[in-house]
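Please read the structure below before turning to the comments.
Residue numbers (the working numbering): 3 to 157.
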């Protein structure tokens with residue numbers, strides 16, 4: 003089974019995301035509200051019989067007091083030359099980095115890069131050149147209250 007660890011977006015974040023939808027971008031697949039999330043540990047394979055043990059280990063992690071992840075930009079990503087998605091981005095607060103590091107320690111995941119705090123809002127059916135699409139970056143002020151994390155199944 004393929005799983006990852008993330009933070010589910012709340013209803014307010016979803017409502018905010020509706021404000022940037024552009025009918026001119028009909029080819030996009032907008033992420034369903036129940037699938038909006040901030041990934042902390044990317045997908046990996048776990049045997050179904052190991053899942054309960056993993057859940058028990060992760061339940062031992064103390065989530066810091068509730069804090070806010072602040073998103074300030076909606077833009078094309080992840081690479082302007084090979085666009086695959088539209089995402090909301092911001093700078094990761096220290097509490098989020100601490101949480102990710104603790105998760106990585108338990109799971110034995112070694113991040114190969116810094117955390118890019120983002121939530122994917124929409125995906126293109128295939129990568130496209132950033133020169134062929136008009137979608138201006140937008141300044142936003144969206145907050146995501148973080149109180150817990152979850153295991154998601156990656157399909």
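Positions of the beta carbon are idealized from the N, C-alpha and C atoms, including for glycine.
A direct Cα-Cα distance of roughly 14 Å separates residue 123 from residue 142.
Counting only the Cα atoms, residue 95 lies some 12 Å from residue 68.
In chain order, 43, 112, 113 place their CB closer than 8 Å to the CB of residue 106, counting only its own chain and leaving out the 5 sequence neighbours on each side.
The C-beta separation of residue 154 from residue 39 comes to about 6 Å, placing the pair in contact by the 8 Å criterion. Collapsing the DSSP output to three states places residue 128 in a strand.
Scanning its chain for C-beta atoms nearer than 8 Å, with the 5 sequence neighbours on each side dropped, one finds around residue 16 the residues 35, 38, in chain order. For the 8 Å CB-CB criterion, residue 85 and residue 127 do not form a contact.
Around the CB of residue 41, 16 or more other CB atoms lie within 10 Å, so the residue is classed as buried. In this structure, the beta-carbon distance from residue 18 to residue 144 falls below 8 Å.
Taking C-beta atoms as the reference points, residue 135 and residue 104 fail to come closer than 8 Å.
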